[in-house]
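Notes for the one structure printed next.
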Amino acid sequence: MRSLSFCLQLVSISLILLTCHRTKSTPNAEPLHIPLRIAAPHLTRRENTNDFLDFETWATQAGSKLNSRYGGQTDTDTNPSEIKHSLHPRQVANVRLTNAFSDAIYTAPITIGTPPQSFNMIMDTGSGDLWIADSSCNIDQGCPASARKFDPLKSTTYVNQSKAFNVQYGSGKAQGILAKESVSVGGLTVLSQLLGICDSVENILRPGLDISGIMGLAWSGIASSPSTPAWESLFLQDALSEPVISFALSRLNRSHTQTTAPGGTMTIGGTNKRHYEGGIDYVPLAKNQSYWLIPLESITVGGKAVEIGTPNIAIDTGTSLIGGPDEDLRTIFSVVPGAALMQDGSFKGRMYIPFFELHPPLSVLPSSHQPSLERKRYHPD
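All the letters of the sequence shown, read from the start, carry residue numbers -25 to -1, 1 to 356 under mature numbering (1 follows the signal peptide of the UniProt record, and there is no 0).
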């Protein structure tokens, strides 16, 4: 198995478009627009500081998370027959997302239970599970006081499944029980959604941040629970005008000292034309329904093509690093002045890119269009 290496910077992408192609009747529905905010990371992210140790900790843990995430997958079972057609008349809802600590993660509000209890959740296209911190989870069990917790006793639609729930995220994990509940995102509702109610959380929820769990937006093939992800349930119940989830992600202004900021918009069931110009080039998904995988046709750096074959690449809103096999990253960054793969120490397996104002643009070509990443998109300022 080839080892993974990581470039120490997230890609801040103006528009990420995820679309599935299952045959389904298409009602005259409007897409759901959910404004995002960027929040502090669930695996320790450096603040707006030059502290080397803080950055070293973040880079090491984030790299471990990425390596663990793409090292394997778990088979699960789904039961679409349990999906209820619970949607009210179609609507467009805008929900603000949160950005903090340099674009590490993006969160959005959802509600769980009846009457609804509100929470801010990490929107993660790189995982398939939905889980929430339980009211019994305290700071010693990994749930800080700043995180709102779900109270099953206050919901009339809560159904305990009497089965254990356990999900691993590299250096973090969450444990609890499985339950079925009513879950709503921006006014779109799924009844009897299977989710984890967690009384133990490790290295995910951060003190001082109002984040209560993770909403996995990948396919059920990588979920730890036998669940149909909520977004897929919405599609199967004919709630969406198109089988599309799109993200317009903003970048935090590093000159500011705020810990949270508007993070963009997540649109369920279509795209938001305010966030792009021209047309959209659709690329077929890889046949394996696990991560959101698309084929990579070519990469150019400074206008020069780099030969690394035609692998698949994953679109992951929950990962703040660019990662790949070490030999491929060596090839890609061989034309970047001073770039080198670290061979030892805590940064082993990470790509070092020295700070220069003039670095060649990195262009990723999944299709006939060629989006380009400026230096600041792949270099840790």
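Where is the CB? At the ideal position from N, CA and C, for every residue including glycine.
Beta-carbon gap between residue i and residue j smaller than 8 Å
i: ASP291; j: THR100; result: yes
i: PRO201; j: GLY103; result: no
i: LYS148; j: SER187; result: no
i: ILE269; j: VAL158; result: no
i: MET190; j: LEU11; result: no
i: GLN168; j: LEU153; result: no
i: TYR144; j: ILE179; result: yes
i: GLY238; j: SER225; result: yes
i: GLU156; j: THR132; result: yes
i: LEU192; j: LEU163; result: no
i: PRO329; j: GLY313; result: yes
i: PRO6; j: THR246; result: yes
i: GLN92; j: ASP126; result: yes
Nearest residue (CA-CA) to residue i, options the options
i: PHE94; options: GLY103, SER102, ALA108 and ASP104; result: ALA108
i: VAL310; options: ILE274, GLY324, ARG325 and PHE322; result: ILE274
i: ILE80; options: LEU260, ASN113, CYS112 and ILE97; result: ILE97
i: LEU304; options: LEU163, ILE283, ILE288 and GLN318; result: ILE283
i: VAL160; options: TRP194, ALA198, GLY244 and ASP115; result: GLY244
i: LYS262; options: ALA280, GLY277, PRO312 and TRP194; result: TRP194
i: LEU105; options: PRO90, ILE114 and SER199; result: SER199
i: PRO259; options: HIS250, ILE288 and CYS112; result: ILE288
i: ARG181; options: VAL165, GLN150, LEU166 and ASN113; result: ASN113
i: ILE255; options: VAL276, GLY278 and VAL219; result: VAL219
i: PHE308; options: PHE322, ALA280 and LYS323; result: ALA280
i: GLY88; options: ASP78, LEU166 and GLY151; result: LEU166
i: ASP78; options: HIS250, ALA223 and TYR251; result: ALA223
i: SER111; options: PRO90, VAL134, SER146 and VAL176; result: VAL176
i: THR306; options: VAL276, GLU272 and GLN264; result: VAL276
Buried or exposed (CB count within 10 angstroms, at least 16 for buried), residue i
i: THR285; result: exposed
i: LEU128; result: exposed
i: ILE297; result: buried
i: TYR266; result: buried
i: ALA315; result: exposed
i: ARG249; result: exposed
i: GLY253; result: exposed
i: GLY324; result: buried
i: GLU207; result: buried
DSSP three-state assignment for residue i, whether helix, strand or coil
i: ARG305; result: helix
i: GLY196; result: helix
i: GLU207; result: helix
i: ASP99; result: strand
i: ASP174; result: strand
i: PRO127; result: helix
i: ARG249; result: helix
i: ILE114; result: helix
i: ILE243; result: strand
i: MET190; result: strand
i: THR292; result: coil
i: TRP267; result: coil
i: THR275; result: strand
i: MET326; result: strand
i: LEU215; result: coil
i: ASP256; result: coil
i: LYS262; result: coil
i: PRO91; result: coil
i: SER157; result: strand
Closer than 7 Å: residue i CB and nearest the ligand GTP heavy atom
i: ALA223; result: Ligands are entirely absent from the displayed structure, and the ligand GTP is therefore not among its contents.
Q) Hey, is the segment 212 to 226 in contact with the segment 112 to 123, meaning 3+ C-beta pairs nearer than 8 Å? A) no
(Q) I'd like to know if the segment 165 to 185 and the segment 129 to 149 are in contact, where contact means that at least 3 CB-CB pairs between them fall below 8 Å. (A) yes
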